[in-house]
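Going letter by letter, the first sequence gives residues 3 to 297 in this note's numbering.
Each residue gets a CB set at the ideal place from its N, CA and C atoms; glycine is no exception.
One structure is given here, and the rest of the page talks about it.
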Amino acid sequence: MPELPEVETIRRQLAPRLTGALLVDGWAFASGKFTPALDAVGARVDGVRRRGKYLLIDLDRDGNAEELIVHLGMTGRLSITERWIPTSAAAPTPADRSSWARSTDATDRPGPHLRARWTLDDGRALLFDDVRRFGRIAVVPAGSHDALPTLAALGPEPFDDAFSPEHLRTQVNRSERAVKTQLLSQRIVAGVGNIYADEALWRAGVHPGSRRITRAAAQRLRDAVRDVLAEGIDHGGTTLRNYRDAEGGEGTNQRYLDCYGRAGEPCSRCATILRRSVIDARATAHCPRCQRRGG
DNA sequence: CGATTTCCCTGGCCGC
DNA sequence: TGCGGCCAGGGAAATC
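This is the structure:
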């Protein structure tokens, strides 16, 4: 479940290794969510950026600026092989797998859920693996995000000045939706998913189901969102089940979670048992003592 | 047009 | 051991 800290970790790993590379070949799993990967072939990588949970790979195609956009969904992973052993020009075949299995370098062996591959001009390859196929790939003219409505309507980056307490308060209060739902909507602030939403609300002492927040609560919540995301980045992301960084490594932020996934356990601040609920079809944990409505 | 609901996906885990 | 049921859940399409 890559959220902003996980995507940012991957971005930092990919940027130096990908920038300047020419995408000379591609392969994609036969699904409209992944076949756009082929549209990137023939372009050169100018840089790797991030917006919210979206990875934006800047491309240059004969002077025209394009973007290769990758959303990792729930289980998406990106990695770079040190070398690619093409035994087939198209889909990975059993012969390919056999070849990878003989390799002594684990990075040369994609998993069984490869969804896209870009071969680089120096023989390496960028691989996109996604067990559950919630991920998505698109190639568009630079800045043209009409085909990705959530990206097109994305709120400010959490560390941008535009993500102010007043912005958060007025946006939350103009809707009747629960504050947690709105944090997850990507429209008020970009990049927050279920893990960091629960963590931020717990830290700020805001009930996840609140429909209205005060100025004081908005100030605390704005700061908490920034803090939990910054700490998540510092810890290389949260690995609970599937998340791995671009080098196959696990993050360590799961060691520092106070709220997410801890329903039934005592609150680390007041020892009250954290409560489980479902908000907008998302599993939610909160402390009934620290997080009061209207807080 | 904004809000709400449905659908997409598979692996791990649990109980019988 | 085998298997049905359930859970994880972000984003886009469909529907209200």
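Which residue or residues does DSSP assign as beta-bridge partners of residue i?
| i | result |
| --- | --- |
| Phe130 | Leu80 and Ala118 |
| Asp229 | The partner list for Asp229 (beta bridge, DSSP) is empty, contrary to what the question assumes. |
| Pro268 | Ile275 |
| Ser27 | According to the sequence provided, residue 27 is Asp. The question's Ser does not apply to it. BP columns for Asp27 point to Thr121. |
| Ala285 | Val280 |
| Val50 | Ile59 |
Does DSSP put residue i in a helix, a strand or coil?
| i | result |
| --- | --- |
| Tyr262 | coil |
| Leu242 | coil |
| Arg257 | helix |
| Val280 | strand |
| Pro290 | coil |
| Ile59 | strand |
| Val9 | helix |
| Val43 | coil |
| Ala220 | helix |
| Val181 | helix |
| Ala108 | Caution applies to Ala108, whose pLDDT of 34 falls short of 50 and renders its modelled position unreliable; the model cannot decide the point. |
| Thr21 | coil |
| Gln15 | helix |
| Pro210 | coil |
| Ile235 | helix |
| Pro38 | helix |
Following the continuous beta strand (DSSP E) through residue i, name the residue where it begins and the one where it ends.
| i | result |
| --- | --- |
| Glu69 | Asn66 to His73 |
| Val141 | Arg138 to Pro143 |
What are the boundary residues of the alpha helix (DSSP H) that residue i is part of?
| i | result |
| --- | --- |
| Asp200 | Asn196 to Ala206 |
| Glu168 | Pro167 to Asn175 |
| Ala154 | Pro151 to Ala154 |
In whole angstroms, give me the CA-to-CA distance for residue i and residue j.
| i | j | result |
| --- | --- | --- |
| Leu122 | Asp62 | 14 Å |
| Ala164 | Arg85 | 43 Å |
| Val194 | Ile82 | 26 Å |
| Gly65 | Gly28 | 21 Å |
| Tyr258 | Ala17 | 27 Å |
| Ala2 | Leu185 | What is shown of the chain runs 3 to 297, which leaves residue 2 out entirely. |
| Asp247 | Thr172 | 36 Å |
| Arg46 | Leu25 | 6 Å |
| Leu170 | Ala155 | 16 Å |
| Lys35 | Asn175 | 35 Å |
| Ser191 | Tyr198 | With the sequence shown as reference, residue 191 is identified as Val, and Ser is not the correct amino acid for it. Approximately 12 Å between the Cα atoms of the pair. |
| Arg278 | Arg134 | 26 Å |
Practice task
For the segment 179 to 197 and the segment 211 to 228, state whether three or more C-beta atom pairs, one from each stretch, are separated by less than 8 Å.
Solution key: yes
Problem - Validate contact between the segment 139 to 156 and the segment 57 to 71 using beta carbons, cut 8 Å, 3 pairs - result: yes
Practice task
Decide if the segment 253 to 271 is in contact with the segment 220 to 237; the criterion is three or more beta carbon pairs, one per stretch, under 8 Å apart.
Solution key: yes
Exercise for the section: Evaluate contact between the segment 5 to 17 and the segment 236 to 248, counting only Cβ atoms and requiring at least three cross-stretch pairs below 8 Å. Expected result: Taking 8 Å as the limit for Cβ pairs, the verdict is that the segment 236 to 248 does touch the segment 5 to 17.
Handout entry: Touch test, the segment 155 to 171 against the segment 121 to 139, Cβ-Cβ under 8 Å, three pairs minimum
Key = Taking 8 Å as the limit for Cβ pairs, the verdict is that the segment 121 to 139 does not touch the segment 155 to 171.
Practice task
Would you be able to state if there are at least three C-beta pairs under 8 Å between the segment 259 to 269 and the segment 196 to 211?
Solution key: yes
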